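Written below as structure tokens is the structure these notes are about.
2 protein chains.
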Amino acid sequence: MQEDTFDAGNDGVFAAIAHPVRRALLDHLVAGELPVSTLAAPFVETMSRPAVSQHLRVLREAGLVDERQAGRERLYRLRAERLREVREWLRKYERFWQERLAALGEYLEQEDETRR
Amino acid sequence: MQEDTFDAGNDGVFAAIAHPVRRALLDHLVAGELPVSTLAAPFVETMSRPAVSQHLRVLREAGLVDERQAGRERLYRLRAERLREVREWLRKYERFWQERLAALGEYLEQEDETRR
DNA sequence: TTGACTCGTAAGTGTTTTCTTACGCATGAT
DNA sequence: ATCATGCGTAAGAAAACACTTACGAGTCAA
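Sequence lines, in order, name chains S and A. Note that the numbering used here has the first sequence beginning at -19, numbered continuously upward. Note that the numbering used here has the second sequence beginning at -19, numbered continuously upward.
Given below as structure tokens:
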């Protein structure tokens, strides 16, 4: 079975980060490799532990995390490079808010001049 | 100290861009203001026109597009600045693919720690 | 007015997501 | 061996999602 190496496609990453819990899980993994117990801790009041496991599975199938067994723990590691396609998709929109900021800058500049 | 609960406020935008059709609609709107007929044209073989309307509604409710009536057409305009939230969220991951050597260093460091 | 055109909404349906509880399988400790 | 720990999976329910067809409200043209 090579499910983990199977190409999840472009849609998998976008769908994976659509859920706030999964984004929070990724955010935690920025600190480094973490066991499920640590990852699930912030959600202990919100949802059951199997629910966190299922979110981790979605992330795994999207290729956003790697799993490795260490003793009786399972350590999850971030694979941030999978987020590149999101970054790439966003790139074409960047000029819109850059232009907007530039336009706002010019506007404020003009306001400032007329105020003198 | 940061709150460890997730932020549900931005969820609309992330959920909106999770669907490939909606991303394609946004991509199309980069060209400028467009009527629904033009926006729906690429999907005539794929899905019905009301389906496109419903996708546009999701985008509208996420604040990603504006709608304005012109004659009997409805023109949709991109509001790309709403995508900044996504960009901001991505920022914390950028270093992982921008600085490969640094990431490798951190990885080795973590490996060393787990080996204790 | 009549009729074509543009488009959204309503209602219904099948599918997917997201959660729950129950359970099982390893691993490590006693 | 026995038991606790860590975590995934199974099964099922509720809700959300993504469509469909039917219809109606505006707009423009003849």
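Every residue gets a Cβ at the ideal spot worked out from N, C-alpha and C, and that includes glycine. Model, not experiment: these values are computed from the prediction.
Residue burial classification, residue i (beta-carbon count within 10 angstroms, cutoff 16)
i       : result
V24/S   : exposed
V45/A   : buried
G51/A   : exposed
A11/A   : exposed
A31/A   : exposed
L5/S    : buried
A21/A   : exposed
D(-9)/S : exposed
Residue-chain proximity (residue i, chain A), Cβ-Cβ < 8 Å
i        : result
Y73/S    : yes
A(-5)/S  : yes
P15/S    : no
D46/S    : no
R3/S     : yes
L63/S    : yes
L39/S    : no
L70/S    : yes
G51/S    : no
D(-13)/S : No answer about D(-13)/S holds up, because its pLDDT of 41 lies below 50 and its placement is not dependable.
Q(-18)/S : Model confidence at Q(-18)/S stands at a pLDDT of 32, short of 50, so the residue's coordinates are unreliable; what they give is reported in the following sentence. By this cut-off, Q(-18)/S is not an interface position.
First and last residue of the uninterrupted alpha helix (DSSP H) at residue i
i       : result
L10/S   : According to the sequence provided, residue 10/S is Val. The question's Leu does not apply to it. Looking at the DSSP string, V10/S is not in any alpha helix (DSSP H), and its letter there is neither H nor E.
V32/S   : R29 to E41
A(-4)/A : D(-9) to A(-4)
V24/S   : No alpha helix (DSSP H) contains V24/S, which DSSP labels as neither H nor E.
Candidates the options, of which the one nearest residue i by Cα
i     : options                         : result
R59/A : R64/S, Y73/S, E68/S and R54/S   : Y73/S
R62/A : G43/S, D(-9)/S, R48/S and W77/S : W77/S
M27/A : L9/A, R40/A and R2/A            : R2/A
Any C-beta of chain S under 8 Å from that of residue i
i     : result
V10/A : yes
P0/A  : yes
A60/A : yes
V66/A : yes
F76/A : yes
Run of the beta strand (DSSP E) containing residue i, from where it starts to where it stops
i     : result
V45/A : V45 to A50
A63/S : The amino acid at residue 63/S is misidentified as Ala; the sequence shows Leu. No beta strand (DSSP E) contains L63/S, which DSSP labels as neither H nor E.
I want to know whether the segment -11 to 1 of chain S touches the segment -8 to 6 of chain A - three or more CB-CB distances under 8 Å.
With the cut-off at 8 Å, the segment -11 to 1 of chain S and the segment -8 to 6 of chain A touch.
Segment contact, 8 Å Cβ cut-off, at least three pairs: the segment 33 to 49 of chain S with the segment 31 to 47 of chain A
Using a C-beta cut-off of 8 Å, the segment 33 to 49 of chain S makes no contact with the segment 31 to 47 of chain A, since fewer than three inter-stretch Cβ pairs fall below that distance.
Should the segment 16 to 30 of chain S be called in touch with the segment 60 to 71 of chain S, which here means at least 3 C-beta pairs below 8 Å?
Because the criterion of three Cβ pairs below 8 Å is not met, the segment 16 to 30 of chain S and the segment 60 to 71 of chain S do not touch.
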